[in-house]
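Residue numbers (the working numbering): 63 to 157. First the structure, in the form of structure tokens, and then the observations on it.
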């Protein structure tokens, strides 16, 4: 499915982002509540920076908290199967 097939020619993430803004959330909070933001948070990428915002796209960077790299590495090793399942889910949803 291509972006022009989505509502207003926007991806699911972009539609969710703007809906979240309309509900009064700040840009970073709005990005965190998109499907990609939720997945990034699951992988411990919970620091968000909005680079640029346009009507047809938003450029967002997700960062990991680097204070506990060893813990993040161990957690990632134990979640490999779960991450794989989530990747399959997101791909099946066209995200």
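Every residue, glycine too, gets a C-beta built ideally from N, C-alpha and C.
Original post:
For residue 63, does the count of other Cβ atoms within 10 angstroms reach 16, so buried, or fall short, so exposed?
Top reply: Confidence at residue 63 is low in this model, with a pLDDT of 47, below 50, so its placement is unreliable and the value that follows should be read with caution. It is exposed - the Cβ of residue 63 has fewer than 16 other Cβ atoms within 10 Å.
Original post:
Within this structure, are the beta carbons of residue 82 and residue 100 separated by less than 8 Å?
Top reply: In this structure, residue 82 keeps its C-beta atom at 8 Å or more from the C-beta atom of residue 100.
Subject >> Cut-off 8 Å between Cβ atoms - residues of its own chain near residue 114, not counting five sequence neighbours on either side >> reply: Excluding sequence positions up to five before and after residue 114, its CB lies within less than 8 Å of the CB of 120 and 121, all in the same chain and listed in chain order.
Subject >> Helix, strand or coil at residue 137 [DSSP, three-state] >> reply: The pLDDT assigned to residue 137 is 47, lower than 50, so where the model puts this residue is not dependable, and the model offers no usable value.
Original post:
How long is the line joining the alpha carbons of residue 75 and residue 97, rounded to whole angstroms?
Top reply: The alpha-carbon atoms of residue 75 and residue 97 are separated by roughly 6 Å.
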